[in-house]
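Scroll down for the structure; my scribbles are underneath it.
There are 2 protein chains.
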Amino acid sequence: MPSTDHVPAQALGLRARKKLETHRALTMAALRLVGERGLENVTAEDISAEAGVSPRTFFNYFATKEDAVLIAYPESEQRAEQSARRLLEAPPELGPMEAVLVMITEDVALIDENREEWLARFAIVDEHPALAARIVTGQLSGERLMIETIARRVGMDADADLYPALLHGVIGAAMKAAIKLWAHEGGRRPVAELIRASFDALAAGLPVPAATTTRGNS
Amino acid sequence: MPSTDHVPAQALGLRARKKLETHRALTMAALRLVGERGLENVTAEDISAEAGVSPRTFFNYFATKEDAVLIAYPESEQRAEQSARRLLEAPPELGPMEAVLVMITEDVALIDENREEWLARFAIVDEHPALAARIVTGQLSGERLMIETIARRVGMDADADLYPALLHGVIGAAMKAAIKLWAHEGGRRPVAELIRASFDALAAGLPVPAATTTRGNS
DNA sequence: TGCAACTGTGCAGAGACTGCAAGATTTTTG
DNA sequence: CAAAAATCTTGCAGTCTCTGCACAGTTGCA
Numbered sequence: 008m009p010s011t012d013h014v015p016a017q018a019l020g021l022r023a024r025k026k027l028e029t030h031r032a033l034t035m036a037a038l039r040l041v042g043e044r045g046l047e048n049v050t051a052e053d054i055s056a057e058a059g060v061s062p063r064t065f066f067n068y069f070a071t072k073e074d075a076v077l078i079a080y081p082e083s084e085q086r087a088e089q090s091a092r093r094l095l096e097a098p099p100e101l102g103p104m105e106a107v108l109v110m111i112t113e114d115v116a117l118i119d120e121n122r123e124e125w126l127a128r129f130a131i132v133d134e135h136p137a138l139a140a141r142i143v144t145g146q147l148s149g150e151r152l153m154i155e156t157i158a159r160r161v162g163m164d165a166d167a168d169l170y171p172a173l174l175h176g177v178i179g180a181a182m183k184a185a186i187k188l189w190a191h192e193g194g195r196r197p198v199a200e201l202i203r204a205s206f207d208a209l210a211a212g213l214p215v216p217a218a219t220t221t222r223g224n225s
Numbered sequence: 008m009p010s011t012d013h014v015p016a017q018a019l020g021l022r023a024r025k026k027l028e029t030h031r032a033l034t035m036a037a038l039r040l041v042g043e044r045g046l047e048n049v050t051a052e053d054i055s056a057e058a059g060v061s062p063r064t065f066f067n068y069f070a071t072k073e074d075a076v077l078i079a080y081p082e083s084e085q086r087a088e089q090s091a092r093r094l095l096e097a098p099p100e101l102g103p104m105e106a107v108l109v110m111i112t113e114d115v116a117l118i119d120e121n122r123e124e125w126l127a128r129f130a131i132v133d134e135h136p137a138l139a140a141r142i143v144t145g146q147l148s149g150e151r152l153m154i155e156t157i158a159r160r161v162g163m164d165a166d167a168d169l170y171p172a173l174l175h176g177v178i179g180a181a182m183k184a185a186i187k188l189w190a191h192e193g194g195r196r197p198v199a200e201l202i203r204a205s206f207d208a209l210a211a212g213l214p215v216p217a218a219t220t221t222r223g224n225s
């Protein structure tokens, strides 16, 4: 979202700017070191040193070592609320899936804009499946909030109805599969295109083989 | 699956039987303690003490503290391979989703058979979303292997085609949503029924609101 | 300028998890 | 059946993640 990239640096004030810089330095350091040595051969201390801050500061920015790799932008909590709001405000005539598509388009564009960074990130995620769950579905994106928002949009109960949780999970799966393919292709096609392909497959009821493939096939 | 519950205890030998007992003692201890105090207020040492083994032994059985709550049965690795085999051996005329349904039916039955235990487990998972991902989708079920198996069954490439990873993720989401509802209902309906409802919704292309709800509605 | 609000850092400490080697048990073998 | 092989349990030492706390340095603002 805009708050980091689109806002002119000067509008932020020195303090906020420094914070962004430190966050960035840490994620970049994490990305590089982990990319080279693997997650288990890099300590939080290594990353801190590489970024030029104390280990204690590292944990002021990230709750876990993994987060340094996964969280590309700060303010992830507010981000979840913004997303929820955007989902509710999407044109009422849109079905839930279309509304979600609208909601995520903005965020997904950032991936294409920083291709190298995200390719590095997903390369790491690919080698550590434990991270994959966390990045799309996990609490990073505010699972609970998102399910409730979906429920409200379609007028259902987040707990007593199957649909809201099902849709939320399915959307996460679609994004995960799309992004995995995006990375496998080296980021040649825009992410949004692949996500749309996933959503189309979903809307069509997951038709069997060749019809879904976005190219000819093997 | 059969290997633990269905095999007469005497056919296992003393050593194997003791191992099963210890595993069971640990998971039950973990389930109870964590259920009472919450995951963060229970240490691996607590669980070990409760189960009557040394802390070191705890980590001989589980790689992480969380696994003690999540892994209901041992041999999880072989289990993944068995599932893969079952998926390939399912009647060829079945579509992928039906084949998966057949594959998981057997495992899912165990949930209904041990309702209380699984309700306790899911109650914990519900409070710790980080666990949710791991239990269905994560490496616990051999993500990579499963995607490749799906790919083989439909004659596609696990990496270059969208479908296999998409189907795998979507199935995981369907199971997760179904089980969440199952737990919310206190296990009144058989899990298989709810999973079937999820799969039906998927096959129908995630039709919007009221049609999916498995009851009337709110 | 001077105070209030942050941010960075060191320190101490709890807890997760691992490798190693000794001791106890079970299974296998001859 | 007894000795050897295979396994399992455990204690120990040690690394690493992550947290609370207190203090020092900066930045924002009146």
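If you read the protein sequences in the order shown, they are chains A and B. With the numbering used here applied, the first sequence has no gaps in its numbers, which climb one by one up to 225 at the end. With the numbering used here applied, the second sequence has no gaps in its numbers, which climb one by one up to 225 at the end. Using N, Cα and C, we set each Cβ at its ideal position, and we do this for glycine too. Quick caveat, the model's predicted, so the values are computed rather than measured.
Under 7 Å by beta carbon: chain B residues contacting residue i
i	result
Glu105 of chain A	Result: empty, since nearest Cβ-Cβ is about 11 Å, beyond 7 Å.
Lys227 of chain A	Outside the modelled stretch of chain A, which goes from 8 to 225, sits residue 227 of chain A, for which no answer is possible.
Ala56 of chain A	Neighbours of Ala56 of chain A on chain B: none; closest Cβ ~27 Å, over 7 Å.
Amino acids of chain A, ordered along the chain, whose beta-carbon sits closer than 8 Å to that of residue i
i	result
Val109 of chain B	Those within 8 Å of Val109 of chain B in chain A number zero; the least Cβ separation is about 16 Å.
Ala210 of chain B	Gly212, Leu213
Ser205 of chain B	Leu169, Leu173
Close-in-space but distant-in-sequence residues of the same chain around residue i (CB under 7 Å, 5 per side omitted)
i	result
Val49 of chain A	Leu40, Val41
Phe206 of chain A	Met104, Leu108, Ala181
Leu188 of chain A	Leu201
Val115 of chain A	Val198, Ala199, Ile202
Met163 of chain A	Tyr170, Pro171
Ile186 of chain A	Phe129, Val198
Pro62 of chain B	Ala51, Glu52, Ser55
Three-way DSSP call (helix, strand, coil) for residue i in this model
i	result
Glu192 of chain A	coil
Gly59 of chain A	coil
Leu138 of chain A	helix
Met182 of chain B	helix
Asn67 of chain B	helix
Leu209 of chain A	helix
Gly20 of chain B	helix
Ile202 of chain A	helix
Tyr80 of chain A	coil
Thr50 of chain B	coil
Pro171 of chain B	helix
Asp166 of chain B	coil
Val41 of chain B	helix
Gly176 of chain B	helix
Val215 of chain B	coil
Candidates the options, of which the one nearest residue i by Cα
i	options	result
Pro81 of chain A	A:Val177, A:Glu73, A:Phe69	A:Phe69
Lys25 of chain A	A:Asp133, A:Val60, A:Glu96	A:Val60
Ala97 of chain B	B:Val161, B:Leu213, B:Ile178, B:Leu188	B:Val161
Pro241 of chain A	A:Ala116, A:Asn121, A:Pro99, A:Lys183	With chain A running from 8 to 225 in the structure shown, residue 241 of chain A is simply not present.
Ala56 of chain B	B:Thr29, B:Gly45, B:Glu47, B:Thr71	B:Thr29
Leu152 of chain A	A:Gln85, A:Thr71, A:Arg22	A:Gln85
Ala226 of chain A	A:Glu52, A:Arg22, A:Ala58	Outside the shown range of chain A, which is 8 to 225, sits residue 226 of chain A, and nothing can be said about it.
Ile178 of chain A	A:Arg22, A:Ala210, A:Asp53	A:Ala210
Arg159 of chain A	A:Phe65, A:Leu27, A:Gly20, A:Pro99	A:Pro99
Asp168 of chain B	A:Ala204, A:Arg22, A:Gly102	A:Ala204
Arg196 of chain A	A:Glu120, A:Ala106, A:Ile131	A:Glu120
Asn67 of chain A	A:Gly102, A:Leu27, A:Ala106, A:Gly212	A:Leu27
Phe65 of chain A	A:Gln89, A:Ala139, A:Ala36	A:Ala36
Cutoff 6 Å; reference residue i; Cβ partners in own chain excluding five residues on either side
i	result
Ile154 of chain B	Ala165, Pro171, Ala172, His175
Gly149 of chain B	Ala87
Thr156 of chain A	Ala91, Leu94
Thr220 of chain A	At Thr220 of chain A, the pLDDT of 48 sits below 50, so the modelled position is not reliable and the matter cannot be decided from this model.
Gly45 of chain B	none
Arg122 of chain A	Gly194
Where residue i meets chain B, residues with beta-carbon distance less than 8 Å
i	result
Ala87 of chain A	Ordered by position in chain B, no residue passes the 8 Å Cβ test against Ala87 of chain A, which lies about 12 Å from the chain.
Own chain, CB closer than 8 Å to residue i, minus 5 neighbours either side, in chain order
i	result
Thr34 of chain A	Ala75, Val76, Ile78, Ala79
Trp125 of chain B	Ala79, Ile118, Ala190, Gly194
Arg128 of chain B	Leu38, Val76, Leu77, Ala79
Pro214 of chain B	Ala208
Leu101 of chain A	Val109
Neighbouring residues, chain A, relative to residue i (Cβ below 7 Å)
i	result
Gly45 of chain B	The premise fails here: Gly45 of chain B is roughly 16 Å from chain A at the closest Cβ pair, so nothing lies under 7 Å.
Gly102 of chain B	Val215
Proximal residues of chain A, C-beta to C-beta of residue i below 9 Å
i	result
Leu38 of chain B	The premise fails here: Leu38 of chain B is roughly 22 Å from chain A at the closest Cβ pair, so nothing lies under 9 Å.
Interface residues of chain B facing residue i [CB-CB closer than 9 Å]
i	result
Gly179 of chain A	Gly176, Ala180
Ranges of the beta strand (DSSP E) found wholly within the segment 91–138 of chain A, counting only runs of at least 3 = none
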